[in-house]
Structure formats: C-alpha cells, structure tokens
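Below is one structure, written out as structure tokens; comments come after it.
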C-alpha cells in the first residue's frame, strides 16, 4: 500500500499561522497594557505632584485684598486646587478604565488612612445631627470655613495625593524655599518695613496682630512652626552635601527669627515639640548631637538678640512680650548660647567627613535624655500645681511675668482660660447624641453667640468664635470619637513616617534612596510641632491645608 501524503493543506497552515500569531500578540498586548498603565500612573503622579507644588509654592503666598480677606482668599484657593485635583484625577480614572484606582485598594489602607476616613464619617454624622445649625455645619460660613465640605475636600486630596504621588525631595525643597520667603517677609514686618503695603489701611494698634502673607499671627506662626520643624530636622539628620546643609540652616535661622518675632503663644509650644522630640532621632550619632546643640544655641542667641533689639528700638519695632521676653532677659544667656555654639562647632569639626552612624553609647544617650525629659515634665507639673494652690498675687510676686503662665485663670493665655471653661460647660449641656458625635463641624460659633455672647464680651472684652484649642474644638464639634480619629491621624502618620525613615536608614527598605530617611523624619517632626501648638490654636484653612499636604507627601513615601 502506498503511504498517505502529509496534510499540508491550507487549513492546517492557517491553524499553525493563527497559533503563531496569537503567541506573538500576547507579549505585544501585555507590553501595550503595561505602557498604558505607566501612562496612567504618570498622569496621576503628575497631577498629584502639581497639586503639592501649588500647595507649597502658591498657597502660602497668595493674597488679594491684603489682610482684609486673607482667610477667604486662602480658603477659595484651597477649594479650587482641591476641585481641580479631583476633577483631573476623575478624568484620568475614566480614561484609564476600572483597573486604574486613584484611591488605591482596601489592602493599601494604613491606620492613618482609616483614621482619616473615620474622621470624615463622624463629621458627616455630626452634620446630620447638627439641627438648626446644619447649614453652618455643611459650609462653615459662620465660622472658619471648616465645615463638612472642607473636610470632604481635605479627605479626597489626602487620598488622591498619597496614592499617586511619587515621593521626591524636591517637594520639601520648594516648601522650604517658599517658607524662607514667607519668614523673611514676616521678619521685615517686625521692623515695620511693610514691604507689601499691607498696612496702608490698618490701624497702628493692629500692626502686631498680622504678619507676612498669612495674616493673624497665630496662623502665621503655625505655618512658621512647620518650616522650623522641617528645616531644623533636615539640618540635624541629613547626610547631603554641605550646600544643602547650609540651605537648611539658613531657613532654620530665618524661620526662628520669624517665629519669635511673631510673638504668639503657639510658637513656644512648636519649639517645645521640636526640641523635645528631635533628640530621640538625633542623639543616635555624634554628628546628630552636635547639630542639635548648634540649633539649640542658635535659638538662645536669636532670642537674646531680638530681646535686645526690642528694647533698644522700642517704638520702632513690634515689641516682644511673653515667655520669649522672659527668656531673653535671663542673665548670662548670650554667654551660654555662645559657649554652646562654639562647642557644637568643635564637635562638628571632629566629625567632618564621617558618616552619621550610630555611636557606641547611643542607647545610653537616648535613655538618659528620656529620663531627663520625664523629670523636667514632672517638675513643670509640680510647679504648675504649686502655683495654682496660691492666690494670683502671690504667684506673680514670686515668679514675675512667668506667673501669668503658671497660674491658670480666666485671663490665662489671652483669656483662653475662660474660653476653655466655657467650651467644656457648653459641651456638657449638649444633647446626648451631640455629646457623642459633636454639634457639627464649625458650629462652635453658633452656640457661643446664642449662649455666651453677653458674658464673653463682659469678661474678655471681645467675642471668641473658636475654642482656641484644636482638641477642645473637635471635642465640641465632632465629639470624642471625632477627636480620637483626629489624634489617630497625627499619631499614626508620625509613627509611619519614623518607621519608614528607620527602615531606609538601616537599609532594611530599598524602595527609596537612603537619603530620604531624613526627609521622612523631618515630616514627622513637623507634624509633632503642629500637634503641640494646636493646644492653644485652631484649625483654619490658612495653615492647616499645608499640614495636610505634608501628611499626604509622607504617606506617599510608604
């Protein structure tokens, strides 16, 4: 029998050709999908980066009608930027299909993220329970514009940026460069130079109340405290080139001048947070300890210098007062500052060219500092308790101007003593559901106008539309659970930043260059500075959006 010929007809050839074509198309399709994904990521990252740049560069400097509408101008600027970010990211999402998730996935949620969501959820419930103040809770128009609408935009911006930003040191460089300009403008205001002509239509007695491009000194020094935190921490911890370190120190020096001349109570607390927290990172190495000592000496010399200027040029500059003036008049302060500064420079010279590695006695330094810090806090508490067991006249006779800080009364902290007491009293009178979930975002002013207008004006001589304590403000407006969520945002963000920084520093994490460990530590320190000053200040859309931008940048690095 003859052999059957192989079937080499067209059908078999087509099947083989189709199979080869499919095999060839698979890598092409995969490559095309990867390219599209990269383009989507690039667009999302660009949008997030542009928003951060505008928040760090445009937002701090923008104004329209000088100080007369600075709060409204900053608020509208933030709203516009947040809406543009959200709309832009929505367009990218629709163009990219369902696989592109601008908010990330459920597995990506950190404790800080969950705290942000919890805070928004509780604020929503508080708004629904706000009763006759529902419109104020939604918009914040009668207060400081921090209603539910603002909180929603903050939440959206945080998640969009933290999920899509590609972390880079350039963002903090811009933050510090613009911060330097803001601080310089504020410092010239101390000398009554008025470079921007803001004071043309102001009364002379108002000059000391408004500074730079932020307006109210309390808000201005909140922002400056963030600049001090980032610049000081980067100078202390960074292993970058000398030029960078000089830049960080220059920003720190000018920011310190600006913070002290701002003469706001929250400035003391920002510095307490900065100098109290930084040693737990800086004292690991000899170089870190020396740089920290130089920053501390700089602060002492700046306080002494500005005290001298305030006295010598009385009537020509904005006068210093309060705790900075008390410290500045201490005998021997310039000698102490100079000796510490020289010692720091000698120690730095000995460490020249060496890497900032963990020193053999680092654990001893850290434990010793922790013990000293605890003892100092206990001594301060004991002094405060002792002072409050005595009549005010006795305290003032014993401690002088310092007695105004030690003796808690209605007049304490520019009548914060009265306002805090009134806040807790009004909170205790709220219906049970409002005590649990709050009166509604930014509804504090409504309750105070209704229930405390006459009494407050009679006792303080003015009306306070906020508790002047961010934590009490949140307790009143979003309840204890909202307050806990807010604290969770701060605590978990700082913890995550420090944890990531440590992993990079110890080379346990290679997702970012090791040099960025200092950047993350600096972000954590800045948040601590904010958290400390918040005890005597409030959240307004003038400085607070900058904090949220820093939080989002830190989260993007994780």
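Residue numbers (our numbering): 11 to 568. Quick reminder that beta carbons are idealized off the backbone N, C-alpha and C, glycines included. Bear in mind the structure is a predicted one, so any value in this text is a computation, not a measurement.
Decide if residue 404 is buried, meaning its Cβ has at least 16 other Cβ atoms within 10 Å, or exposed. By the neighbour-count criterion, in which a residue is buried when 16 or more other Cβ atoms sit within 10 angstroms of its Cβ, residue 404 is exposed.
Open item on the list: I need the DSSP call for residue 552, collapsed to helix, strand or coil.
Closed with: For residue 552, the secondary structure class from DSSP, reduced to helix, strand or coil, is coil.
Environment of residue 371 [buried if 16+ CB atoms lie within 10 Å]
Residue 371 should be labelled exposed.
Starting from residue 504, trace the alpha helix (DSSP H) both ways and give me its first and last residue. Its alpha helix (DSSP H) spans residues 480–515.
Next item on the list: Can you give me the Cβ contacts of residue 408 inside the same chain, cut-off strictly under 6 Å, excluding the 5 residues immediately before and after it?
Entry: Excluding its 5 nearest sequence neighbours in each direction, residue 408 has no C-beta neighbour in its own chain below 6 Å.
Three-state secondary structure (DSSP) of residue 225:
Note: residue 225 maps to strand in three-state DSSP.
| said: Taking the beta carbon of residue 362 as the centre, do at least 16 other beta carbons fall within 10 Å, making it buried, or is it exposed? | reply: The residue in question, residue 362, is exposed, as its Cβ has fewer than 16 Cβ neighbours within 10 Å.
Let me check understanding here. Comparing Cα to Cα, which of 99, 273, 225, 219 lies closest to residue 71? Looking at the Cα atoms, 225 is the closest of the given residues.
Determine the extent of the alpha helix (DSSP H) in which residue 94 is found, giving its start and end residues.
Element bounds for residue 94: 80–106.
>> If you follow the alpha helix (DSSP H) that residue 472 is in, where does it begin and where does it stop?
In response: Per DSSP, residue 472 belongs to no alpha helix (DSSP H) and is neither H nor E.
DSSP beta-bridge partners for residue 324? Note: residue 324 sits in a beta bridge opposite 327.
Exercise for the section: Leaving aside the five residues before and after residue 149 along the sequence, list all residues of the same chain whose C-beta is less than 7 Å from its C-beta, in chain order. Expected result: Closer than 7 Å at Cβ, skipping near neighbours: 157, 159.
Could you say which of 325, 374, 177, 314 lies nearest to residue 345 if we only look at CA atoms?
-> Measuring from the Cα of residue 345, the nearest candidate turns out to be 314.
Check your understanding: In three-state terms, what does DSSP make of residue 69?
Key -> The answer is coil: DSSP assigns residue 69 none of H, G, I, E or B.
Cutting at 7 Å between CB atoms, please list the residues of its own chain near residue 480, excluding the five before and the five after it. Within the same chain, residue 480 has close Cβ partners 544, 547, 548, 549.
Does the stretch 556–564 come within contact of the stretch 288–295, defined as at least 3 CB pairs closer than 8 Å?
The stretch 556–564 vs the stretch 288–295: no contact.
Note to self: Please identify the residue among 187, 416, 94 whose C-alpha is closest to the C-alpha of residue 163.
What the structure shows: Put simply, of 187, 416, 94 the residue whose alpha carbon is nearest the alpha carbon of residue 163 is 94.
Next on the checklist: Could you tell me the alpha carbon to alpha carbon distance between residue 190 and residue 265, rounded to whole angstroms?
Outcome noted: Roughly 7 Å separates the two Cα atoms.
My understanding is that residue 122 touches residue 565, with C-beta atoms under 8 Å, so please give their C-beta distance in whole angstroms.
Their Cβ separation, rounded to whole angstroms, is 6 Å, which keeps residue 122 and residue 565 in contact under 8 Å.
For residue 527, which residues from the same chain have a beta carbon less than 6 Å from its beta carbon, with the 5 sequence-adjacent residues on both sides left out? Only 511, 514, 515 meet the Cβ criterion.
Assess contact between the stretch 230–237 and the stretch 75–82, defined as three or more Cβ pairs (one per stretch) separated by less than 8 Å. Is contact present? Contact fails: fewer than three Cβ-Cβ distances are below 8 Å.
Q.
Just to check my reading of the structure: residue 532 and residue 500 have Cβ atoms closer than 8 Å, yes? What is that Cβ distance to the nearest angstrom?
A. About 16 Å; that fails the 8 Å criterion.
- Item | Rounded separation between residue 85 and residue 250 - CA only | So the alpha carbons of these two residues sit roughly 36 Å apart.
| query | If we count the other Cβ atoms within 10 Å of its Cβ and call it buried at 16 or more, is residue 39 buried or exposed? | reply | Low local confidence applies: a pLDDT of 47 at residue 39 is under 50, so the model's placement there is unreliable, and no value is given.
Problem set entry | Cross-strand partners of residue 409 (DSSP beta bridge) | DSSP output for residue 409 lists no bridge partner at all.
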